[in-house]
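Residues 97 to 355, numbered by the numbering used here, are exactly what the sequence shown covers, in order.
All remarks here apply to the structure that follows.
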Amino acid sequence: MEPHLQGKLDEIAARLRKASSVAVMTGAGVSAESGVPTFRDAGGLWEGHRIEDVGTPEGFTRDPLLVWRFYNARRRNLLDVAPNAAHHALANLERRCRDFALITQNVDGLHARAGTPNPIELHGNIWLNTCTGCTHYEWADATWRATGNPSAASFPDDPRCPKCAGRLRPGVVWFGEMLPDWAVRRAEQAVCRCDVMLVIGTSAVVYPAAGLAHLAAARGAFVVEINPQRTPLSKEADAVLSGKAGEIMPALLQRVASS
Ligand code: BV8
Ligand code: ZN
């Protein structure tokens, strides 16, 4: 790791140790080293699909089977995917901080699988099915979690509600949809009380999630961006660590733990 990065890591580790409250926000980049495609990098998730067709309620109304094919393909990919060193380092860091909130835009559930106790999933969870006709919801990975056997997961191409026979949809937030109130409230509270905010693996272009880092900066929190690329947030961050989350996060944790 380059020497200039070493110095920055030492400074950030010292701030994390002293912080009375830490907030973290992650995006698709934190799952990249687990083999989950990001959205906007080359070959990304939206490749081959228009966002309007698979990432909006209008797209689902127009062609629900196309949207289910898109989400079932992502669910199947997750069966062979495990949390990476960044997810584990974040779960470990949480145990070493007085007050800690993990906010994520990701729907892949990998933070929870790495041991993060209460991830704030701003955009929902890909394994959640919700009914378009009533308040019924169910977890499509329930059997997998109960048996520990991924092949127990099923991928119906047009799942229906057991209560009202209505069409089920993936329990994620699409473009043009409001984020869950509880998640936005918890995320804003965390950002408003944090001394340090780590922003990891996000292109920082999707709102209102991207606004949280600007809120932290405006409040005077020390904002750290961890990303191999620069983003619209980079110029506002107090520190930019250019690199992969799977390498930087374990190095940062090691410094926090070794003091
Ligand atoms: C809303 C669904 C109110 C779940 C997603 C005009 C201007 C500004 C805003 C808007 C606008 N028009 C409309 C809006 C609002 C819109 C928006 O922000 N649009 C943007 C794109 C212009 N937002 C919404 O619609 C939100 N709702 O605002 O409601 C409303 C209502 C009506 C009308 C208007 C407003 C809903 C947003 C949620 C949409 N759902 N996904 C799913 O299937 O996943 S968004 C999608 O993008 C994912 O959830 C993803 O999490 C999110 C953000 O992407 P990133 O996570 O950042 O991933 P990305 O690929 O972009 O970047 C990866 C990064 O990782 C890169 O920087 C890369 O360098 C880095 N990286 C790569 N490898 C690594 C790495 N980093 C570290 N380590 C590595 N190894
Ligand atoms: Zn129903």
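The C-beta atom is built at its ideal place from N, Cα and C for all residues, glycine as well.
Fair warning: this is a prediction, and the values are worked out from it, not measured in the lab.
query: Within a Cβ cutoff of 8 Å, which residues of the same chain sit near GLU284, ignoring the five residues on either side of it in sequence?; result: LEU308 and LEU311
query: Decide if the segment 279–294 is in contact with the segment 246–260; the criterion is three or more beta carbon pairs, one per stretch, under 8 Å apart.; result: no
query: Does the segment 238–247 touch the segment 268–277, meaning 3 or more C-beta pairs lie closer than 8 Å?; result: no
query: So, at 7 Å on beta carbons, what are the nonlocal neighbours of ALA325 in its own chain, with the 5 sequence-adjacent residues on each side left out?; result: The amino acid occupying residue 325 in the given sequence is Gln; Ala does not appear at that position. Here the set comprises nothing.
query: Does any residue of chain D have a CB that is nearer than 8 Å to the CB of ALA305?; result: The chain inventory of the structure shown lacks chain D, comprising one protein chain alone.
query: Is GLY267 helix, strand or coil by DSSP?; result: strand
query: For ASN371, count neighbouring Cβ atoms within 10 angstroms of its own Cβ and tell me buried if that reaches 16, exposed if not.; result: Any answer about residue 371 is impossible in this case: the structure gives the chain only from 97 up to 355.
query: Can you give me the Cβ contacts of ASN225 inside the same chain, cut-off strictly under 8 Å, excluding the 5 residues immediately before and after it?; result: TYR233, GLU234, TRP235, ALA236, PRO255, LEU264, ARG265, PRO266 and GLY267
query: For ILE344, which residues does DSSP report across the bridge?; result: DSSP output for ILE344 lists no bridge partner at all.
query: Under 8 Å between the Cβ atoms of HIS183 and VAL126?; result: yes
query: Which term fits PRO99, buried or exposed, when burial requires 16 or more other beta carbons within 10 angstroms of its beta carbon?; result: exposed
query: Ordered along the chain, which non-local residues of its own chain (more than five positions away) have a Cβ less than 6 Å from that of ALA210?; result: PRO179, HIS183, HIS184 and ALA187
query: Report yes or no: do three or more beta-carbon pairs, one from the segment 105–118 and one from the segment 192–211, lie closer than 8 Å?; result: yes
query: Considering Cα atoms alone, identify which of THR231, LEU161, ASN323 and SER130 is closest to LEU174.; result: SER130
query: May I ask whether a heavy atom of the ligand GTP can be found less than 7 Å away from the beta carbon of GLY267?; result: Among the ligands present in this structure, namely the ligand BV8 and the ligand ZN, the ligand GTP is not found.
query: Could you tell me if the beta carbon of SER299 falls within a distance shorter than 7 Å of some heavy atom in the ligand BV8?; result: yes
query: What first and last residue would you give for the alpha helix (DSSP H) that runs through THR327?; result: Here THR327 belongs to no alpha helix (DSSP H), and DSSP marks it neither H nor E.
query: Please say whether GLY297 and GLY123 have beta carbons closer to each other than 8 Å?; result: yes
query: Taking any heavy atom of the ligand ZN as the mark, which residues have a C-beta closer than 6 Å to it, listed down the chain?; result: CYS227, GLY229, CYS230, HIS232, CYS257, LYS259, CYS260 and GLY262
query: For ALA70, which residues in the same chain have their Cβ closer than 6 Å to its Cβ, ignoring the five residues on either side in sequence?; result: The structure shown does not extend to residue 70, since the chain is modelled only from 97 through 355, so no value can be given for it.
query: Quick check: VAL163 and VAL132, are their CB atoms within less than 8 Å of each other?; result: no
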